[in-house]
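**Q** In the working numbering, the protein residues as written are -19 to 189. Each residue gets a CB set at the ideal place from its N, CA and C atoms; glycine is no exception. Dropping a structure here in structure tokens format, bear with me for questions.
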Amino acid sequence: MNRPEHSFAIAAVLSLALAAEAAAGAATGEVAPGAYCPFPEPGQAAACMAPAQQEYADFFSAVDAGEISDDDAAHLESEIASGATGKAPYLAISSLSYGYYRLAQRAAESPGEDPVVVARLQRWNELLSAAYDIGADDPNYRKAVRDAAHDLQQRAPAVVLACADERGHITECNSTEAVIRGINRTQEAVGIRGALERLLDRITGGGDS
């Protein structure tokens, strides 16, 4: 094996090991600070979500009550808009993802009957995409946003939204692919770095294809 192949093999193995470690930690709720906390399985509590619930107590109460007002979401949305420079960026990403998941469940139960919920999901898609864009100088934060998007893609019910396609035209897409689409556009815009990132995603099982 020549040096480039050897280096790539080491990187691939390391990425797989890190992915396995992260998955094991998520399963037990033991996610280190400075990382995305996946929302728990139904009927379970993720220990890593406790700091987020403390930081955004009003938001979580509103989510659990099934009624999220603009005031309930304002603090969290402001933090997401600040990207990696916010007060508690990883807690914000984890909280928004959980709220998104719960709202998507509600919207999927009664398709087309709650335009306010759909509009909020649309806004949160844009917030997550923007957070990924402005987190360009912080790969850990970008990974957290990407992890949140993949978590939603895999587990949240699909809700029909309006999204921009590869040419910037507005088209229908479902909520679980909207953020992924925006992230992919950003990755493609950074050339080789984006290509390597997508390749590693495929190797570690985190790709979109």
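Measuring alpha carbon to alpha carbon, tell me which of 45, 140, 136 ends up nearest residue 81.
**A** Out of 45, 140, 136, 136 has the C-alpha closest to the C-alpha of residue 81.
**Q** Just the Cα atoms here: how many angstroms apart are residue 79 and residue 116?
**A** Rounded to the nearest angstrom, the two C-alpha atoms are 24 Å apart.
**Q** Is it a yes or a no for the region 61 to 81 touching the region 123 to 132, going by three-plus beta-carbon pairs under 8 Å?
**A** Verdict: yes, contact present.
**Q** Should residue 125 go down as buried or exposed, given a rule of 16 or more other Cβ atoms within 10 Å for buried?
**A** With 16 or more other Cβ atoms within 10 Å, it is buried.
**Q** Give me the residue from 113, 102, 107 with the minimum Cα distance to residue 152.
**A** Checked all of 113, 102, 107; the closest Cα to residue 152 is 102.
**Q** Within its chain, find whatever has a CB closer than 8 Å to the CB of residue 154; leave out the 5 residues flanking it on each side and keep chain order.
**A** Answer for residue 154: 138, 139, 140, 141, listed in chain order.
**Q** Using the three-state DSSP reduction, which class does residue 150 fall into: helix, strand or coil?
**A** Residue state, collapsed to three classes: strand.
**Q** Under the rule that 16 or more other beta-carbon atoms within 10 Å means buried, what is residue 105, buried or exposed?
**A** With 16 or more Cβ atoms within 10 Å of its Cβ, residue 105 is classed as buried.
**Q** For the alpha helix (DSSP H) holding residue 80, just list the boundary residues, first then last.
**A** Run containing residue 80: 69 to 89, per the alpha helix (DSSP H) assignment.
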